[in-house]
Structures are given as structure tokens and as C-alpha cells.
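For what it's worth, the numbering used here labels the leading residue of the sequence shown as 1, then goes sequentially.
Heads up, the beta-carbon is just placed ideally off N, CA and C, and yes, glycines get one too.
A quick note: this is a predicted structure, and the numbers were derived from the prediction, not measured.
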Amino acid sequence: MARRRRPLFTHRKSTRAVQRQVGGDPDAPSQAQFMSWNKFARFVMPDVGDVEHQIRMNDDVLVWPHGRAVDETLKMDEYWLAKVRDIRSSAENPSDVWVWAQWYYSPRDVADVIKSFDPEACGRHERIFSDHYDLIHSTTIDGIATIKRYSDEDVEQGVIGKDTYWCRYNFEREARTLDPKPSETCFCQHPYDPDDDTVAMHFCPRLSCRKAYHQSCLVKEKFKEQVTPDRPLRLLLSPPDSDEPFVLPVRRSSRSKKAHPERTIEELLEGLPDELVRVAKQPMVKGAKYQQGGIVGNITWVSRARQLVYDALSGLGLPDDWKDSIDCSKAIVKFKDRNVIPALICPQCRGPI
1 MARRRRPLFT HRKSTRAVQR QVGGDPDAPS QAQFMSWNKF ARFVMPDVGD
51 VEHQIRMNDD VLVWPHGRAV DETLKMDEYW LAKVRDIRSS AENPSDVWVW
101 AQWYYSPRDV ADVIKSFDPE ACGRHERIFS DHYDLIHSTT IDGIATIKRY
151 SDEDVEQGVI GKDTYWCRYN FEREARTLDP KPSETCFCQH PYDPDDDTVA
201 MHFCPRLSCR KAYHQSCLVK EKFKEQVTPD RPLRLLLSPP DSDEPFVLPV
251 RRSSRSKKAH PERTIEELLE GLPDELVRVA KQPMVKGAKY QQGGIVGNIT
301 WVSRARQLVY DALSGLGLPD DWKDSIDCSK AIVKFKDRNV IPALICPQCR
351 GPI
């Protein structure tokens, strides 16, 4: 963490427009003053031991919160978070650097504005990107923050660990709106809560679906099917980039003009690594009930595994480094309570999920 260059408390975020200044800091320049100053792409922040760190435009940063002494030790969730949008200082005092910051709100901050918003349905380290800006002094910044973007529809997003800042909503403060709407998920209208260890959600990857449903909701509404021997294969054949099941390309025999598959998919799968095929046959699941999945669950890993299998079955081969993009052990769905995974189907396309 950075060592502060001035032993002061920081000031609170502004709640209304003030003509003299832009931000909540009474020492902040006016917007006209700030815009007349020299602009920089980055500034240097000294750390303990005289190690220097650079803060650049569009970096996400940790900001020391209002009312906290600079010699305190803060927990992860006690920091304010912001994105650096502009960096300037005056020609008369070039070391006095100010930053135009765009705030990430906590869920409870948003609930203070949107009374219908339930902060309890958000993750412990979740933040919400707002359209609220302030001028803050560079010495109130305590370091770089890693904030990962999460999407309910993205089948290629990176892993988001339980101890990582993450964001899924954009907040327009004056309009009092969130995008996407929190209810745009399961038909129960309750958003995904990644910290509720009783919850698992099943995701349909098909192009026209791309939606997750609570396991309990699917069971309650009887969106399930009989467990059959071919269900794992049907899951594997559900592609993330199409609405139609994967079909093995046909090849023409050198001795005949008649087109026919040389071997069945089941036979061809026997020539692929067992670990890869097992991951590709998994249902796509997320939620704290499935502890090893983090925030995203196994959706990305299973999606990549299926695409690798399709490519291999289509004659494109399998890369030697395929394991670099898939955590084969964590991708296998195992619930905290060791319950059996029910055979569920998508309410929209009726495919296995």
C-alpha cells in the first residue's frame, strides 16, 4: 500500500453540485481551473521503501475513505474504488496532482438512491460502476485495484475468484437506473447471489438463450427430464455459439461418392483425453453451492472444452497446451452438500442444462 504524503483525512464523495468546486474535497480546484492545468497520462505514487508505482489513465484504484486515519489498516471492503479518468496539475505547483475520478458504488450506496434495489442480493466484493465523478487528490489513492467485469451471458469471461473485486451493473445516478436490470435472469426475477451457499444456477449456453436459472426454481417448475445414458453426450453436443446441436461433419469415401460418417461421435471421443471429454460433458453451473467455481462457475471452462472437442472431431486437432485454458479438476461440478445433480432442461429451448 502507498505511504501517504500528507497526514490528513480524506473528504467524502460529493452529493450535490457546488459552484466553486467539482468534488467533495474543499481543497479541490474548480472544474475550470482543473481543465486549464497540464494534463498527464500518469503520475508516480511512492510506496514504502521508496518504491515508485505509476497510476495511469483508466486505472482502477483504491481510494482512502473519508474519516479514516492514514495509519489505519483497512480491510478489502473498506476501501472506496474509482477509475482514473483525468490527471492534471498546475504549472505553478506540478507536484500537486489532482485526479478526475469516476466512482464505483457499493451495493448499499446504490440502495440509498434506488430504494427497490436489494443490496443483499449482491456479492461481498461486488461494486457497481456509476456515472458519478469527483476531483480527488492523488495522495488519497492507495494503489491499483483489480476489478473484473462479470456478465450473465458471456461464455468466455475469465475466472473471478471469491476474493476479487468484480462488477456487473452500470449505475446512472440521476436516472436511478441499473443496466442490466437485476431481474433479467431466472424467471423468479431474483438476481444471481454468488455468496448464498444454498444456491446453484444452471446456464443454457445456446445462442438464443444464454440465461441461467436457479436449480431450485427449475425443479419446482418441473423443468427436468429422466436421467438417461445419453444425457452427458447431449450436454456435450450443446454448443455455446449455435442453437443447433453439434453434428459430426460427414466425409466422402475415396471409393464412393456417397457421404457418410466414418465413425460415430462416441467412437471418436474415445481418442480424446478423458479429462477433456469429462469437462465437456458437464452441465454449466455457477453459485456458492458449487464452491470451486468462484463467481463465474464452470461456464467458461466447459464452453472451451466443448469447442476443443468440436474442433478435434472436425479434424482440426487438439492443441498441446489445451490444459492451459481449462482447470479440469475445478470444472467438475461437486456441490457442497454432495447432492446429486438433477437432470434439468432449459425452460426456453428444452435442451439439457
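Which listed residue (the options) has its alpha carbon closest to that of residue i
i: Val-285; options: Ser-208, Lys-115, Gln-33 and Val-296; result: Val-296
i: Ser-216; options: Asp-25, Lys-75 and Pro-342; result: Pro-342
i: Ser-95; options: Val-84, Asn-38 and Arg-85; result: Asn-38
i: Met-201; options: Asp-193, Ser-208 and Leu-207; result: Asp-193
i: Ile-128; options: Pro-182, Asp-134 and Ala-91; result: Pro-182
i: Lys-92; options: Leu-313, Phe-34 and Arg-231; result: Residue 92 is actually Glu in this sequence, not Lys. Selected option, being the one with the closest Cα: Phe-34.
i: Arg-173; options: Tyr-105, Thr-228 and Leu-81; result: Tyr-105
i: Ala-101; options: His-190, His-132, Arg-168 and Gln-348; result: His-132
i: Lys-220; options: Asp-320, Val-61 and Phe-187; result: Phe-187
i: Ala-82; options: Ile-160, Asp-112, Cys-167 and Lys-115; result: Cys-167
i: Asp-25; options: Cys-122, Trp-64 and Val-51; result: Trp-64
i: Cys-346; options: Pro-29, Ser-238 and Pro-107; result: Ser-238
i: Ser-325; options: Met-57, Ile-136, Leu-316 and Arg-306; result: Arg-306
i: Thr-140; options: Asp-27, Phe-203, Pro-180 and Thr-177; result: Asp-27
i: Gln-31; options: Met-76, Leu-272, Leu-135 and Arg-56; result: Leu-135
i: Glu-153; options: Lys-75, Ala-212, Ser-314 and Val-227; result: Ala-212
i: Ala-175; options: Gly-161, Gln-226 and Ser-130; result: Ser-130
i: Lys-115; options: His-66, Thr-177 and Leu-248; result: Thr-177
i: Pro-273; options: Lys-162, Thr-185, Ala-69 and Asp-320; result: Asp-320
Beta-carbon contacts of residue i that lie in its chain and below 7 Å, excluding the five residues immediately before and after
i: Ser-303; result: Val-155, Glu-156, Pro-205 and Pro-240
i: Thr-198; result: Lys-289
i: Leu-308; result: Leu-276, Leu-318 and Trp-322
i: Val-333; result: Gln-282, Pro-283, Val-285, Tyr-290, Asn-298 and Ile-341
i: Thr-164; result: His-125, Thr-146 and Lys-148
i: Asp-327; result: Trp-301
i: Leu-207; result: Asp-241, Ser-242 and Asp-243
i: Phe-223; result: Leu-344, Ile-345 and Pro-347
i: Cys-209; result: Cys-346, Gln-348 and Cys-349
i: Phe-246; result: Leu-237, Pro-239 and Tyr-310
i: Pro-107; result: Pro-119, Cys-122, Glu-126 and Ile-128
i: Gln-189; result: Ser-183
i: Pro-232; result: Lys-281
i: Phe-335; result: Ala-200, Lys-289 and Tyr-290
i: Ile-160; result: Lys-148, Tyr-150, Trp-166, Gly-294, Ile-295 and Val-296
Cβ distance (whole Å) where residue i is taken to contact residue j below 8 Å
i: Leu-344; j: Leu-218; result: 5 Å
i: Val-84; j: Phe-171; result: The Cβ separation is near 18 Å, so there is no contact.
i: Val-97; j: Ser-138; result: 4 Å
i: Asp-179; j: Tyr-79; result: Asp-179 to Tyr-79, Cβ: 24 Å. No contact.
i: Phe-203; j: Ile-353; result: 7 Å
i: Leu-248; j: Leu-316; result: So it is not a contact: roughly 13 Å between Cβ atoms.
Where residue i sits in the DSSP three-state scheme
i: Ile-55; result: strand
i: Ala-312; result: helix
i: Phe-43; result: strand
i: Glu-184; result: coil
i: Val-63; result: strand
i: Lys-323; result: helix
i: Pro-352; result: strand
i: Lys-211; result: strand
i: Ser-106; result: coil
i: Ala-69; result: coil
i: Glu-120; result: helix
i: Val-84; result: strand
i: Leu-74; result: coil
i: Ala-101; result: strand
i: Asp-197; result: coil
i: Gln-21; result: For Gln-21, the pLDDT reaches just 37, beneath the cut-off of 50, and the residue's location in the model is therefore unreliable, although a value from the coordinates is still provided. Coil.
i: Lys-224; result: strand
Beta-carbon contacts of residue i that lie in its chain and below 8 Å, excluding the five residues immediately before and after
i: Gln-54; result: Arg-42, Phe-43, Val-44 and Met-45
i: Arg-278; result: Cys-328 and Ile-332
i: Ile-144; result: His-53, Ile-55, Asp-59, Asp-60, Val-61 and Leu-62
Cβ neighbours of residue i in the same chain (closer than 6 Å, five flanking residues each side left out)
i: Ser-90; result: Trp-37
i: Ile-87; result: Phe-40, Phe-43 and Val-99
i: Gly-287; result: Val-199, Ala-200 and Met-201
i: Asp-77; result: none
i: Ala-280; result: Leu-236, Ala-305, Arg-306 and Val-309
i: Asp-230; result: none
i: Glu-225; result: Ala-343 and Ile-345
i: Asp-196; result: Ala-288
i: Val-18; result: Annotation note: pLDDT 32 at Val-18 (below 50); position unreliable, no value reported.
**Message:** Which runs of the beta strand (DSSP E) at least 3 residues long sit entirely within the region 126-155? Give them in chain order.
**Reply:** 126-137, 141-144 and 147-149
**Request:** Starting from the N-terminal side, write out each stretch of the alpha helix (DSSP H) that is 4 residues or longer and does not extend beyond the region 229-307.
**Result:** 231-236, 265-269 and 274-280
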